[in-house]
Amino acid sequence: MSAYDKTDVVIVGSGFGGSIPAYHLAAGGAKVTVLERGPWLETKDFEHDYLLGSSYTRAFDFVVGDGMSVLGGNCVGGGSVVYFAAMPRAPKFVFERHGSIGRRMWPSAITRDSLEPWYDRVSDSLPVSKQDWNDVSYAGGLWAAFCDHSGRTANPAPVAVDNDRCVNCNFMMAGCRFDAKRSLLTNYLPAALAHGAKIRPLHEVQRIERIDDGDYRVHFNVVDDEDYRVHSGSGTIDAKIVIIAAGAGATPVILQRSESALGTMPHAVGRYFSGNGERLNTAIINEERVREVLGLSREDGKVYEANHIGKGPTVANWDKLDGSLPEYERYSLEQLYFPPGLGTILAQVPEGTGSDKDVPRWFGVEKKEILKQWASWLTIFLMTEDDNEGVFGAPPPTGNAYRISQQMLGRGPLKYDPTPNTLHGWSLADAECKEILEKDGLAKVSPWTNDVVGAYTVHPLASCRIGDDPETSALHPNHELRNHPGIFVTDSASVPGALTVNPAMTIAALAERSVPGIVRALQARGVDVSYGAPAPDGSITGRKAVSKLSLVAGS
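Taking our numbering, I'd label the letters of the sequence shown as residues 23 to 577.
This is the structure in structure tokens:
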């Protein structure tokens with residue numbers, strides 16, 4: 023089966039980078055079609071199990087690279103459906119980082135202060151809530167107690183969660199069946215649909231070409247709903263503007279595959295990939311020591327044994343988010359729940375005593391023993407500053423990876439070899455985590471091993487980043503692809519580097535900021551479109567700070 027269609031704007035991907043422009047452009051009068059490679063799952067489809075074919079395996083994309091593996095969303099709503107909804111704003115020092123290029127990575131037009139109105143708009147639109155200590159999970163409270171006992175501070179994290187709806191089931195990573203998590207399925211996407219946007223699930227974009235009238239033609243395959251290795255059809259859709267928001271692990275692959283038709287890509291396409299400096303440490307809690315030293319207990323008499331109760335990250339330690347510290351020595355430590363699967367496979371035995379010292383301690387008798395204590399685990403998520411050392415090789419024939427399994431698993435072209443700077447940052451964060459958790463014998467902690475799938479990230483960034491320097495950035499500061507007018511990248515790939523905190527809020531703010539320029543580009547191509555829609559729920563609070571920017575788009 024083959025299909026052909028035409029529209030004003032094609033948006034590739036429906037995560038933050040795709041849904042936000044989809045809403046604003048559709049509300050402004052443009053014809054918008056969103057192509058999403060994953061299925062369209064509704065509230066009733068989110069299941070509380072990890073079986074093949076459940077929402078857990080259908081909604082994820084896990085791609086193993088050379089030295090780095092990437093876990094992302096694969097469904098309508100993208101990463102917002104599978105994220106833990108922690109929404110901090112990036113520290114001011116992030117925007118001044120030099121990283122591997124030795125000079126400021128971010129465009130001169132963007133600072134924390136200049137991005138603040140766009141942060142406000144996202145906060146108003148989702149909305150984002152400030153939690154207090156009554157909202158945190160058992161795991162978050164325990165992490166806070168550890169921090170306090172070791173002389174550190176702890177803070178409830180801002181989240182896009184309706185805590186009145188949340189039942190603390192801890193299945194939010196596989197989608198929220200209670201609509202407590204404010205994914206894009208609850209705000210921008212329904213608002214975009216109400217204004218006429220079209221969403222096509224199971225449409226995997228392969229490449230883009232320029233056609234004779236100056237428009238773009240987007241080629242896609244239709245993916246089978248059960249076996250993502252199978253394609254049931256193909257087609258094309260023409261548009262005046264293409265917005266690529268397929269995620270930092272897929273956006274550069276689409277552009278690389280399009281090079282033969284579009285012409286030479288900017289040097290930075292598929293380079294400078296960042297894993298947001300991420301690492302995980304698992305602590306095995308000594309329940310009795312926690313009772314004795316910290317004086318903690320639950321209502322049912324247990325001390326902790328609550329790894330699986332609650333929600334994702336609720337408490338963070340931000341003591342090292344200090345701009346006066348040297349680069350690569352700044353990081354955050356955040357309590358996190360990581361569900362079964364990779365969480366139990368990659369958790370390493372703290373201080374194992376195996377007879378063969380060369381045998382990794384993520385399997386064997388010792389590993390079986392710590393698995394018996396899984397309810398007493400505490401996982402800490404480290405977000406550090408890396409060196410943007412990831413590079414994408416030749417793209418696979420289709421998609422972003424060579425599909426290995428029916429769902430979820432693939433082998434991708436990303437190569438990641440951590441530099442001494444990145445390793446230094448990981449080492450400092452690991453040591454701080456160990457010092458906090460092991461004080462007075464409260465726990466034993468070990469970083470996740472990199473022996474199985476290399477380093478890993480759930481927040482890939484920077485593979486087609488914005489910047490002022492044509493040599494080290496693929497995009498102009500307005501998110502337009504260099505030397506390819508009319509193609510924009512608005513997802514995590516556009517973020518210049520590691521943020522030291524969860525990046526969803528910054529990705530969303532940048533996407534909001536990109537819209538006026540895209541509107542202007544559409545107007546120049548004869549599309550009758552304006553800018554100035556309120557937040558998806560119709561409120562204008564968040565719009566007040568940016569309303570004057572509508573003039574930038576000529577509306």
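In this text, a Cβ means the ideal position worked out from N, Cα and C, and glycines have one as well.
Which residue marks the beginning of the beta strand (DSSP E) containing Gln357, and which one marks its end?
354 to 358
What is the rounded straight-line gap between the Cα of Val371 and the Cα of Asn329?
17 Å
Could you name the residues of the same chain whose beta carbon sits closer than 8 Å to that of Gly432, not counting the 5 residues immediately before and after it, in chain order?
Short of 8 Å from the beta carbon of Gly432, and not among the five residues preceding or following it, lie these beta carbons of its own chain, in chain order: Asp83, Phe84, Val85, Val86, Gly421, Asn422, Ala423, Tyr424, Arg425, Ile426.
My output table needs one value for Leu63: the three-state DSSP class, helix, strand or coil.
coil
Quick one, which of Ala196, Leu211, Gly257, Asp234 has its alpha-carbon nearest Glu226's?
Gly257
Would Phe510 pass as a contact of Ile265 if the rule is Cβ separation under 8 Å?
yes
Pull up the DSSP beta-bridge partners for Glu231, would you.
Beta-bridge pairing links Glu231 to Arg239.
Tell me which residues share the same chain as Leu93 and place their Cβ nearer than 6 Å to its Cβ, disregarding the 5 neighbours each side in the sequence.
Phe84, Val480, listed in sequence order.
Segment contact flag, the stretch 150 to 165 with the stretch 326 to 342, C-beta cutoff 8 Å, min 3 pairs
yes
Based on Cα-Cα distance, which residue from Arg547, Ile392, Lys203 lies nearest to Asn308?
Ile392
Would you grab the beta carbon distance between Arg487 and Tyr294 for me? Rounded to a whole angstrom, and I think it's under 8 Å.
With a Cβ gap of about 6 Å, Arg487 and Tyr294 count as contacting.
Apart from the five residues just before and just after Ala305, which ones in its own chain have a Cβ nearer than 6 Å to its Cβ?
Leu400, Leu459, Ala465, Val467
Taking Cβ to Cβ, would you say Glu407 is nearer than 8 Å to Ala261?
no
Among Gly434, Ile276, Arg301, whose alpha-carbon lies nearest the alpha-carbon of His446?
Arg301
Quick check: the stretch 46 to 55 against the stretch 525 to 543, are there 3 or more CB pairs under 8 Å?
Yes: at least three Cβ pairs fall under 8 Å.
Check the DSSP bridge columns for Glu300 and list the partner residues they point to.
Met405
For the beta strand (DSSP E) containing Leu137, list its first residue and its last residue.
Per DSSP, Leu137 lies in no beta strand (DSSP E) segment; the continuous alpha helix (DSSP H) that holds it begins and ends at 134 to 147.
With a floor of 3 residues, list each beta strand (DSSP E) that falls wholly inside the stretch 456 to 485, ordered by position along the chain.
465 to 469, 477 to 479
Taking DSSP as the reference, what is the three-state secondary structure of Cys169?
helix
Buried or exposed: where does Arg187 fall if 16 or more other Cβ atoms within 10 Å of its Cβ makes it buried?
exposed
Look at Ile263 and Ala496 and say whether their C-beta atoms are less than 8 Å apart.
no
How big is the Cα-Cα spacing for Gly297 and Tyr478?
Taking the CA atoms as reference points, Gly297 sits about 7 Å from Tyr478.
Just confirm the distance between the C-beta atoms of Gly60 and Pro223, as a whole number of angstroms; I'd bet it's less than 8 Å.
7 Å
Report yes or no: is there a C-beta of chain B within less than 8 Å of the C-beta of Ser536?
Absence of chain B from the displayed structure is noted, only one protein chain being present.
What do you get for His120, buried or exposed, if any count of 16 or more other CB atoms within 10 angstroms of its CB means buried?
exposed
Would you tell me roughly how many angstroms separate the C-alpha atoms of Val31 and Val245, rounded to the nearest one?
22 Å
Exposed or buried, His506, counting other C-beta atoms within 10 Å across all chains shown (16 or more means buried)?
The residue is buried, with at least 16 neighbouring Cβ atoms inside 10 Å.
How many Å lie between Asp473 and Arg383 at the Cα?
Their Cα atoms are separated by approximately 10 Å.
Distance CB(Phe115)-CB(Gly489) smaller than 8 Å:
no
Which residues does DSSP list as the beta-bridge partners of Trp399?
Looking at the DSSP assignment, Trp399 forms a beta bridge with Ile306.
Report the residue from Asn303, Ala530, Gly101 whose alpha carbon sits nearest the alpha carbon of Met194.
Gly101
Stretch-stretch touch, CB-based, cutoff 8 Å, three pairs: the stretch 275 to 282 with the stretch 329 to 342:
no
Count the other CB atoms, across all protein chains shown, that sit within 10 Å of the CB of His70; report buried if there are 16 or more and exposed otherwise.
exposed
Which of helix, strand or coil does DSSP assign to Phe200?
Of the three classes helix, strand and coil, the one that applies to Phe200 here is coil, per DSSP.
Comparing alpha-carbon positions, which option in Asp550, Ala52, Gly236, Glu118 lies nearest Ala216?
Ala52
Does the Cβ-Cβ distance between Gly332 and Asn524 come in under 8 Å?
no
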